[in-house]
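Visitor: Residues in the sequence shown are numbered from 0 upward in steps of one, following the working numbering.
Take a look at this one; I'll ask things after.
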Amino acid sequence: MPTAPVLLAGHPVHRMGFGAMQLPGTGVFGPPKDHDAAIAVLRAARSAGVNHIDTAQFYGPDVANDLIKEALFPYDDELVLVSKVGAARGADGGWLPAQRPEELRSGVETNLRSLGVDQVHVVNLRRHPEGTVPLDEQLGEMAALRDEGLIGGIGLSNVTLDEYRTAQATTEVACVQNAYNLIERAEQDLFDACVEDGTPFVPFFPLGSAFVAESPVLNDPVVQATAARMDVTAPQVALAWLLAIAPRVLLIPGTSALAHLEENLAAADVVLDEEALSALADVRP
Ligand SMILES: NC(=O)c1ccc[n+]([C@@H]2O[C@H](COP(=O)([O-])OP(=O)(O)OC[C@H]3O[C@@H](n4cnc5c(N)ncnc54)[C@H](OP(=O)(O)O)[C@@H]3O)[C@@H](O)[C@H]2O)c1
């Protein structure tokens with residue numbers, strides 16, 4: 000793994016990590032299309048040096064965590080597992096808010112059980128965009144969970160710059176995980192604040208997400224032209240750009256395919272030249 004490690008809640012992680020959201024079935028619900036392939040992807044990622052895996056008990060639910068445990072348990076000391084709380088799944092696969100402090104606690108407890116650990120290294124408080132539970136109550140519960148040793152660090156997800164600042168004033172923030180990629184830069188102010196503070200920023204949807212039929216990132220003409228000129232692929236351009244723009248950006252591209260995993264990991268070796276960086280700086284929706 001060529002990228003130098005970055006500290007995440009005190010643990011050194013390589014900047015190229017792995018997101019487990021693509022491992023369950025369609026819509027992040029139910030069992031994987033190909034169980035053995037999912038196990039193979041996780042083992043190949045870890046064998047290649049990936050030591051930062053992003054997951055959630057509500058991916059499946061339980062499917063992503065069960066696969067991680069099946070593939071990698073007993074975990075080695077260098078593997079850092081990051082999960083998130085704040086959501087649950089309905090019987091039909093719908094995404095439900097689970098934002099109240101007692102729901103955050105029970106979310107951490109279900110992660111501990113399904114991952115088979117006494118402590119999750121980092122747990123992101125994933126705020127619901129229309130949530131009505133006050134942030135300070137949520138942070139109080141997250142801090143209690145950390146003080147009790149059930150989580151190692153508190154991360155934030157789907158937060159605004161104001162919420163990040165409020166959290167920072169209350170507690171130590173291990174990382175921030177919001178949507179951010181070449182096309183989706185609505186959270187640029189938050190990204191910039193994290194860069195300035197040295198807070199690890201973990202962009203989700205680095206490749207443009209699986210929730211859209213055609214990725215706006217991978218299909219962008221500048222991304223494609225850059226990939227062709229540099230003899231790399233569009234996903235590699237998208238990931239290499241994120242690695243290039245700030246030193247504490249940690250990547251968790253999601254895939255259920257071994258070939259895509261290998262392609263994504265190889266992006267850590269892609270060094271974008273000045274022409275590429277300048278062209279990509281201006282890419283917009
Ligand atoms: N905090 C939050 O609210 C939140 C929200 C969303 C995601 N996340 C986390 O962020 C991670 C990354 O986001 P994401 O998985 O949603 O989106 P993403 O990484 O932007 O894109 C995943 C999609 O790209 C495809 N893909 C992956 N590598 C590819 C390649 N080399 N070439 C072509 N297609 C490729 C995947 O399909 P294949 O499976 O076929 O490769 C999948 O359809 C997730 O896994 C999850 O851990 C967090």
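Yeah, the Cβ is synthetic: ideal placement off N, Cα and C, and Gly gets one too.
These figures come from a predicted structure and were not determined experimentally.
1. Leaving out the 5 sequence neighbours to the left and right, which residues in its chain are closer than 6 angstroms to Ala178 when beta-carbon positions are compared?
2. Using 8 angstroms as the cut-off, classify the Cβ of Ile251 as near or not near the heavy atoms of ligand 1, replying yes or no.
3. DSSP on Pro220, reduced to helix/strand/coil?
4. Once you ignore the five residues that flank Glu77 on each side, which residues in its own chain have a CB closer than 7 angstroms to its CB?
5. Pick helix, strand or coil for Asn123, following the three-state DSSP scheme.
6. Output yes or no for whether 9 angstroms exceeds the beta carbon distance between Ala8 and Ala192.
7. For Leu189 and Gln21, I'd like the C-alpha separation in whole angstroms.
8. Check the C-beta distance from Thr54 over to Ala19 and give it rounded, since I have them as a contact under 8 angstroms.
9. Would you check if the distance between the CB atom of Ala43 and the CB atom of Leu260 is smaller than 9 angstroms?
10. Please classify Ser46: is it buried, with 16 or more other beta-carbons within 10 angstroms of its beta-carbon, or exposed?
11. Mind reading off the beta-carbon distance from Gln235 to Ala265? Whole number of angstroms is fine, and I expect it under 8 angstroms.
12. Note down the Cα distance separating Glu195 from Leu241, rounded to an integer number of angstroms.
13. For Ile38, which residues from the same chain have a beta carbon less than 7 angstroms from its beta carbon, with the 5 sequence-adjacent residues on both sides left out?
14. How many angstroms separate the CA atom of Ser156 from the CA atom of Leu149?
15. Give a single yes or no on whether Gln21 has its beta carbon closer than 8 angstroms to a heavy atom of ligand 1.
16. Just the C-alpha distance for Glu262 and Asp61, rounded to the nearest angstrom, thanks.
17. By Cβ distance, which residues of its chain are closer than 6 angstroms to Gln187, with the 5 residues on each side in sequence left out?
18. Verify the contact flag: Leu217, CB atom, against every heavy atom of ligand 1, threshold strictly below 8 angstroms.
19. Do you know offhand how far Leu95's Cα is from Arg228's?
Guide: Quick look at the numbers:
1. Phe203 and Phe204
2. yes
3. helix
4. Asn50
5. strand
6. no
7. 26 angstroms
8. 4 angstroms
9. yes
10. exposed
11. 6 angstroms
12. 16 angstroms
13. Leu66, Glu69 and Ala70
14. 19 angstroms
15. yes
16. 27 angstroms
17. none
18. yes
19. 44 angstroms
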